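Remarks on the structure that follows.
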DNA sequence: CCTCCCTACTTGTTATGACAAGTTATAAAC
DNA sequence: GTTTATAACTTGTCATAACAAGTAGGGAGG
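Residue numbers (my numbering), protein chains in the order written: chain A, -12 to 235; chain B, -12 to 235.
In structure tokens form, the structure reads like this:
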């Protein structure tokens, strides 16, 4: 491996040390600096290489561990996991971010942007008072020029109105973070298999009986307040959701 | 809250301190000792209540955090997440374990147990040499007396043969752990929506065009060696996969 | 009354140190 | 040669300590 690139940013860096180390190791792993099942340098070596204490190294490794990129065996060492076509979706990512990470070209086409009374399920998920309106954003998602997903996103008015006029041809998450200054936290995701509905038939040019992967996603900010509820409907034949879980 | 039950097992306990604290807090949260958005005791209070250091408290909280049970805000405190109908599936669980945690009665019926040449995808996933045989276990899963899932599991011969004669009417994970002494690690999961196949039609009594949620699961032991590859086919109308991810 | 500041709380990050527990290779004993 | 013991590694767990950074409340000053 190459630990010559063990340079951390100066102390005025916005990123904590463990995050810099984590990101550097992650990049090396993903970019092929390591082969599958190869042993990482020991925690002691990393301490020396980066000039930090063990607790900092372990926090970086702990993150990679929960991302499924590495695993450890007591007494032996820490190893790189077998590379997966789709590595961890343990991070909350937009469709575009996730696809870009795998080298696909993703885009979106805006179908509608309007203020409306939401369906009851949406109202409940966002924790809104009955009658309170939302901003609905409807889009079609493309992967390599093929339409693969119809997406309906619902935002509370205070957030949704600020999205008006922004470029909605990519992921919305970066807009929320960088343009609106909202720090994203966790998201609850639900997946089920359903039959094609009318909107999906039209926009994804599908037959009536085609299977659809229906994803519900409720995204929260870092303080646990819900800020975005979405329905995503993927073509069954062109999307597969992959991730990793641990026994613990 | 009730910190009167802040008793940890004696030092000869098999569980580390942070795990005991984590499990105790998790139980209190899940059993309704806390309401949504209620603040947990501060790390300092927990240190005193359990008589441990801050690093131990934080490790317990960190686990709950990644399970989505709590979230933290710097300067304010740690709070209980809004309760979800389906809490985190971030832990690797068998179908029975997951359903039992939600108060459902789950069971399984064995359809077949045989030694055979696996499909190529299975052979690749398990990392077997071409021509190497496996044990295939086929079962139907029931939820409240209704058939909801057809399951095909593939084990390497050395593991699969030891399952012969054991009670396969429940989850296999506990058998692997307790009877065969295999420590489970992480699992890679893939989800997609497909049309009903012939076996699913017969065992789940479905029509030909019904949507099916198809789950692939490759389970590893704690050393990263693959030990079980499964195909699960769920009725689309009676199963929904839910979990939580973080932005990080 | 309103504003500003300071204090006291919270969680976040990091250091140093220690011992336990598991693995591996070497060296000693048989 | 084979077995056993040991030493030298690894990761796992836990303690104590300090400072940074964010929040909330109270008090001083306008």
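All C-beta atoms in this analysis are idealised placements derived from N, C-alpha and C, irrespective of residue type, glycine included. Remember, it's a predicted structure, so these values are computed and weren't measured experimentally.
Distance check between residue 147 of chain A and each of A/169, A/37, A/223 places A/169 closest, using alpha-carbon atoms only. Secondary structure at residue 32 of chain A: helix, using DSSP grouped into helix, strand and coil. For secondary structure counted as the beta strand (DSSP E) over 3 or more consecutive residues, the stretch 161 to 186 of chain A holds these complete runs in sequence order: 171 to 182. A distance below 7 Å between beta-carbons, with the five flanking residues on each side excluded, links residue 174 of chain A to the following residues of its chain, in chain order: 79, 204, 205, 206, 207. Membership of residue 50 of chain B in the alpha helix (DSSP H) is indicated by the continuous run 41 to 54. Nearest C-alpha to residue 21 of chain B among B/116, B/190, B/65: B/65.
Distance between residue 137 of chain B and residue 126 of chain B, taken at the CA atoms: about 6 Å. In chain order, 177, 178, 179 make up the part of chain B whose C-beta sits under 8 Å from the C-beta of residue 227 of chain A. Using a Cβ-Cβ cut-off of 8 Å, residue 199 of chain A is close to 180, 198 of chain B, given in chain order.
As the crow flies, the alpha-carbon of residue 194 of chain A is around 11 Å from that of residue 186 of chain A. By the Cβ neighbour-count rule, residue 214 of chain A is buried, with 16 or more other Cβ atoms within 10 Å of its own. Given a length threshold of 4 residues, each whole run of the alpha helix (DSSP H) inside the stretch 92 to 168 of chain A is given here in chain order: 107 to 113, 144 to 147. Residue 85 of chain B: member of the alpha helix (DSSP H) spanning 82 to 87, first to last residue. Residue 22 of chain A does not reach chain B, its nearest Cβ partner there being about 13 Å away, counting only Cβ pairs nearer than 8 Å. A/210 is the residue among A/230, A/226, A/210, A/217 whose C-alpha sits nearest the C-alpha of residue 26 of chain B. In the three-state DSSP reduction, residue 64 of chain B falls in the strand class (E or B). With a threshold of 8 Å between beta carbons, residue 83 of chain B makes no contact with chain A. Flagged as an interface residue toward chain A: residue 210 of chain B, by a C-beta distance shorter than 8 Å. The Cβ of residue 33 of chain B sits no closer than 8 Å to any Cβ of chain A.
Look at residue 130 of chain A: its C-beta is not under 8 Å from any C-beta on chain B. Close partners of residue 40 of chain B in chain A (Cβ separation under 8 Å) are lacking, with about 13 Å as the shortest Cβ gap. The beta carbon of residue 156 of chain B is closer than 8 Å to those of 94, 95, 96, 97 in its chain, skipping five residues each way along the sequence. Rounded to whole angstroms, residue 61 of chain A and residue 29 of chain A show a C-alpha spacing of 12 Å. If you look at residue 220 of chain A, you'll find it isn't in any alpha helix (DSSP H); it sits in the beta strand (DSSP E) that goes 213 to 222.
DSSP places residue 204 of chain A in the uninterrupted beta strand (DSSP E) bounded by 198 to 208.
A straight line joining the alpha-carbon of residue 122 of chain A with that of residue 83 of chain A spans about 21 Å. Counting other Cβ atoms within 10 Å of its Cβ, residue 43 of chain B reaches 16 or more and is therefore classed as buried. DSSP places residue 11 of chain A in the uninterrupted alpha helix (DSSP H) bounded by 4 to 17. Here residue 153 of chain B is not near residue 163 of chain B, since their CB atoms are 8 Å or more apart. The beta carbon of residue 100 of chain B is closer than 6 Å to those of 124 in its chain, skipping five residues each way along the sequence. Note that the C-beta distance between residue 102 of chain A and residue 120 of chain A is below 8 Å.
At a C-beta separation below 7 Å, residue 53 of chain B has these neighbours in chain A: 53. In this structure, the straight-line span from the alpha carbon of residue 202 of chain A to that of residue 32 of chain A is close to 43 Å. Apart from sequence neighbours up to five positions away, the residues of its chain that approach residue 86 of chain A with a beta-carbon distance below 8 Å are 92, 93, 130, ordered along the chain. Nearest neighbour of residue 110 of chain A by Cα position, chosen from A/135, A/144, A/177, A/128, turns out to be A/144.
Between the C-alpha atoms of residue 225 of chain B and residue 134 of chain B there is a straight-line separation of about 10 Å.
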